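Structure first, then comments.
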Amino acid sequence: MGTFWRGVLKGAVGPRDNDSRYLLDVHRRDLPGEATMRRYADDDEVDLVVVGAGAGGSVLAQRLARKGWRVVILEAGPFWHPDEDWVSDEAGSHALYWTQERVIGGDDPIQLGKNNSGRGVGGSMVHYAGYTPRFHPSDFSTFTDDGVGADWPLGYHDLLPHYEQVELELPVAGQDWPWGHPHRYPFSPHPVTGAALRLTEGAHRCGIDMRVGPVGIVNGTFGNRPHCIYRGYCLQGCKVNAKASPYVTHLPDALEHGVEVRANCMALRVEVDDATGAARGVVYVSNDDETAATSSDDAANPRRRGTERLQRAKVVAVAGYSIETPRLLLASTSRRHPHGLGNNTDQVGRYVMVQGATQSAGRWPDELRMYKAPPPEISSEQFYETDPDRGFARGFSIQTVSPMPIGWAEHVLADGHWGRALREYMRDYNHWATIGVLNELLPHPENRITLADETDPYGQPVARMDYTLTDNDKANMAYSSTVITKILEAAEAQDILTIQRFAHLIGGARMGSDPDESVVDADHRIWNVPNVVLADGSVCPTQGSANPALTIMALASRLAERMAHA
Amino acid sequence: MSRRPDIAGGEHLPKLRPGQEPPPPSWLPRQRRGTTPQMIGRYPDYDVFDAIDTWDEATKKAVLARLEPPGPLRFFTAEEEPTLRAFCDVATAQDDEPRVPVAEMVDAKMADAKLDGYRYADMPRDPETWRRVLAGLDHTARTAYRVPFAQATEEQRENIVREFAAGRLVGGPWDDLNVTRAWSVVMRGVLSEFYSHPWSWNEIGFGGPAYPRGFLRLGGPGREGPAVREPFERPGAVDVDPVRKDA
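Listed in order, the protein sequences are those of chains A and B.
All you need for my numbering is the position in the first sequence, starting with 1, plus 556.
All you need for my numbering is the position in the second sequence, starting with 1, plus 3.
Structural data, given as structure tokens:
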């Protein structure tokens, strides 16, 4: 469907080949398919075993199940029952995040946990804000065009049909999009809050165009998914089923087509047959097994390793995201891959990226109450591409956000306030509105995931992430901070508080056209391994300044098409 | 009572004041409904629990659990306890009852090892960082003022914490810590507990849990009247009792 018809038929067209929206229960949030989910035995060689039930793994499983593949997904975290497990509360949402130990190093260590890491069925999209912008065509050739980053072995137009399909499935709501490859969205933009209108006014006075959206949040009704209720707790898991995550957009349909989602199962390594070089399946530990073993005979030793099991499969897809995917590959050593699966040219774990995500808040005389409505409201990609006048390569996007009290306290603290001054700024919470940036930070080989010396309760080495900013990154971050400060000043903010932070993860096992400089080929297949693919954001060679969720889903959708036709 | 600052004009905001000093909190109205830390706040007639009937059961359970009387410390030792309490008080400016029991809340988090999912390569795990910080605060107080941190005056404690926030503390336990990162670790712990407590929501006028009710009135510049405020919201107020106006 062309973008013209999308505009005309706005809100009236659903996706084909995905019935997830009708398979949800109107009155309960649990997945109706869980109780009747198909189960496979470990020694039953399934067509595909996927590690990770997040944005990439869920889309891949749903697509291939539709083609008749027998699929098992292993997920380290729990199978959510949102009515009981999720709460309208910041601190109470701790279980949504990957809080198992990780080590952070480098000159600019990146905070993980709630900031960017998910765990459980649905992955980190369960607690992402909801922004779903596309990458720009320029993202796929930054090396050729700007001499930085890397070129992808595929282009924007390879992903375009999948972007359009996934946008229908989420479904994405937003104004007509003028940046990158101009396009329209299947649903109309959401209403915005007074706080966001303030920021829009300021941006317009600075000559910066801002648009509403794009967000993967239902505006209207969509099958059995209701309209958003504007309660503002997108980052705490949507109890409404209005915000898109694979839990509501792809897994219902996947379960309907015979996919098993085996939760609480931590993958330990991809088992490779040294004779053939092909993977035989994935070795994992089920928490349910481990709890039983620990409580009966070895309660004194919580570090006891659980019973290892091997799920056999014809094809293995790793979709654990930018930290856990490299960690699993590095731990999967064999005779043919002594330094980790796919790591014979020392590429696994390298070029991991985050985005600069500085946020500035402005203060106004009236009460704005920014906690209402989804935090993602309006955004701009006017500064996305390289502008030689700015003195650095590539760019950034601008997006509104709205921290809840704990997030607001971190913001105030970062501006240098504690004790009485902090309490004073906290009491003023309702008068503030927040705007942030996403800087495209460039891929660098020394920004990487490695295995640390310490091990987790499964006996598996924990991941270490090193990150150091380049001069280009620093120049980009400094420039973008002045832009959002100008927006706040133009909107006549009385006071400004700023926090420098980072967001999102991507890369770490990038695709390319040369095995010496990449981990997978354009079809996501690990070089020289016939049946292991990576189906998550770790394959991205560059990241643009777009939030990664939509692109990860679109890549998995394209990958499924390639695998089905292979 | 000190003069009431002009709220709309932002006279109370530390960065707009000489020396970035916040005004003494004595101008703030006493809480008339519900509870706030030290019974001060900007929304004296607002109590987040007025809406508890509209909360879902899971959220209600999680939030109400924070009002349970805090138990004895499980992670921190009896020797560490006074320093812990004194630091939490200074960090959150809690100088009187009722207090949000931040010390107990941090203690529970450390005892249950409910950590945040990352550890700086040059730092110990968060529980050990806490122990070293408390030892360091005592060390600095003894060195500078010849008393333990908990027995120092409020001004002395604030001086020490100011140096801590600036990453300038040295000597004794501090030499085994990256002080700037230690500040970030302990303050992350303190603030995430303090602002998870519903009393602090009353103080700042935060709407609190909102499922399944949601919000309808999103406000906006130039929008006046009933469209701006939900029926259950209370506007910010000054210290005027609507009944005893002359008091």
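Cβ atoms here follow ideal geometry from the backbone N, Cα and C, with glycine treated the same way.
Since we're looking at a predicted model, the values are computed, not measured.
Within 9 Å (strictly less), CB to CB, does residue i reach chain B?
{"i": "residue 928/A", "result": "yes"}
{"i": "residue 650/A", "result": "yes"}
{"i": "residue 853/A", "result": "Low confidence applies to residue 853/A: its pLDDT is 44, below 50, so where it sits in the model is not reliable, and the reading given next is rough at best. No, its Cβ sits nowhere closer than 9 Å to a Cβ of chain B."}
{"i": "residue 1016/A", "result": "no"}
{"i": "residue 850/A", "result": "Since pLDDT at residue 850/A reaches only 46, below the 50 mark, its modelled position is unreliable, and the value read off the structure follows with that caveat. No, residue 850/A lies away from the interface with chain B (no Cβ there is under 9 Å from its Cβ)."}
{"i": "residue 749/A", "result": "yes"}
{"i": "residue 990/A", "result": "no"}
{"i": "residue 795/A", "result": "yes"}
{"i": "residue 909/A", "result": "no"}
{"i": "residue 823/A", "result": "no"}
{"i": "residue 566/A", "result": "no"}
{"i": "residue 1108/A", "result": "no"}
Excluding the five sequence neighbours on either side, which residues of its own chain have a C-beta within less than 6 Å of the C-beta of residue i, listed in chain order?
{"i": "residue 35/B", "result": "47, 48"}
{"i": "residue 986/A", "result": "923, 925"}
{"i": "residue 766/A", "result": "756, 759, 934, 936"}
{"i": "residue 1104/A", "result": "1060, 1062, 1093"}
{"i": "residue 581/A", "result": "588"}
{"i": "residue 1119/A", "result": "none"}
{"i": "residue 251/B", "result": "Limits of chain B in this structure are 4 at one end and 250 at the other, which puts residue 251/B out of reach."}
{"i": "residue 1050/A", "result": "919"}
{"i": "residue 617/A", "result": "606, 627, 629, 810, 815"}
{"i": "residue 615/A", "result": "806, 1109, 1112, 1113"}
{"i": "residue 737/A", "result": "693"}
{"i": "residue 1081/A", "result": "1089"}
{"i": "residue 712/A", "result": "693, 696"}
Short check: CB of residue i to CB of residue j, under 9 Å?
{"i": "residue 890/A", "j": "residue 995/A", "result": "no"}
{"i": "residue 926/A", "j": "residue 959/A", "result": "yes"}
{"i": "residue 196/B", "j": "residue 647/A", "result": "yes"}
{"i": "residue 82/B", "j": "residue 76/B", "result": "no"}
{"i": "residue 772/A", "j": "residue 731/A", "result": "no"}
{"i": "residue 218/B", "j": "residue 233/B", "result": "yes"}
{"i": "residue 684/A", "j": "residue 676/A", "result": "no"}
Tell me residue i's beta-bridge partners as DSSP assigns them.
{"i": "residue 578/A", "result": "Paired residue(s): none; residue 578/A is not in a bridge."}
{"i": "residue 912/A", "result": "995/A, 1058/A"}
{"i": "residue 707/A", "result": "697/A"}
{"i": "residue 834/A", "result": "DSSP output for residue 834/A lists no bridge partner at all."}
{"i": "residue 918/A", "result": "989/A, 1052/A"}
{"i": "residue 1017/A", "result": "1011/A"}
Among the candidates the options, whose CA atom is the shortest distance from the CA of residue i?
{"i": "residue 733/A", "options": "919/A, 562/A, 781/A", "result": "562/A"}
{"i": "residue 1/B", "options": "982/A, 1057/A, 1005/A", "result": "No information on residue 1/B is available, as it lies outside the stretch 4 to 250 that chain B covers here."}
{"i": "residue 1039/A", "options": "1121/A, 611/A, 559/A, 763/A", "result": "763/A"}
{"i": "residue 649/A", "options": "182/B, 113/B, 62/B", "result": "62/B"}
{"i": "residue 635/A", "options": "604/A, 665/A, 682/A", "result": "682/A"}
{"i": "residue 825/A", "options": "666/A, 977/A, 898/A", "result": "898/A"}
{"i": "residue 714/A", "options": "624/A, 688/A, 692/A", "result": "692/A"}
{"i": "residue 1045/A", "options": "916/A, 709/A, 697/A", "result": "916/A"}
{"i": "residue 1091/A", "options": "572/A, 592/A, 597/A, 604/A", "result": "604/A"}
{"i": "residue 818/A", "options": "1055/A, 989/A, 838/A", "result": "838/A"}
{"i": "residue 1013/A", "options": "1076/A, 773/A, 778/A, 658/A", "result": "658/A"}
{"i": "residue 162/B", "options": "105/B, 11/B, 90/B", "result": "90/B"}
{"i": "residue 976/A", "options": "57/B, 138/B, 174/B, 157/B", "result": "157/B"}
{"i": "residue 60/B", "options": "613/A, 642/A, 577/A", "result": "642/A"}
{"i": "residue 1/B", "options": "143/B, 7/B, 121/B", "result": "Lying before the first or after the last residue shown, residue 1/B is absent from chain B, which here runs from 4 to 250."}
{"i": "residue 597/A", "options": "993/A, 866/A, 1009/A, 831/A", "result": "866/A"}
Please work out which residues of its chain come closer than 8 Å, Cβ to Cβ, to residue i, disregarding the five sequence neighbours upstream and downstream, and give them in chain order.
{"i": "residue 17/B", "result": "23, 24, 25"}
{"i": "residue 941/A", "result": "692, 694, 950, 951"}
{"i": "residue 1024/A", "result": "662, 663, 664, 1000, 1002, 1003"}
Using a C-beta cutoff of 9 Å, does residue i count as contacting chain A?
{"i": "residue 204/B", "result": "yes"}
{"i": "residue 3/B", "result": "In this structure chain B extends from 4 to 250, so residue 3/B is not present and cannot be described."}
{"i": "residue 119/B", "result": "yes"}
{"i": "residue 28/B", "result": "yes"}
{"i": "residue 194/B", "result": "yes"}
{"i": "residue 113/B", "result": "no"}
{"i": "residue 190/B", "result": "yes"}
{"i": "residue 156/B", "result": "no"}
Return the chain-ordered list of same chain residues with a C-beta closer than 7 Å to the C-beta of residue i, the five sequence neighbours on each side being excluded.
{"i": "residue 789/A", "result": "644"}
{"i": "residue 585/A", "result": "638, 639, 795, 797"}
{"i": "residue 1114/A", "result": "714, 715, 718"}
{"i": "residue 928/A", "result": "749, 786, 788"}
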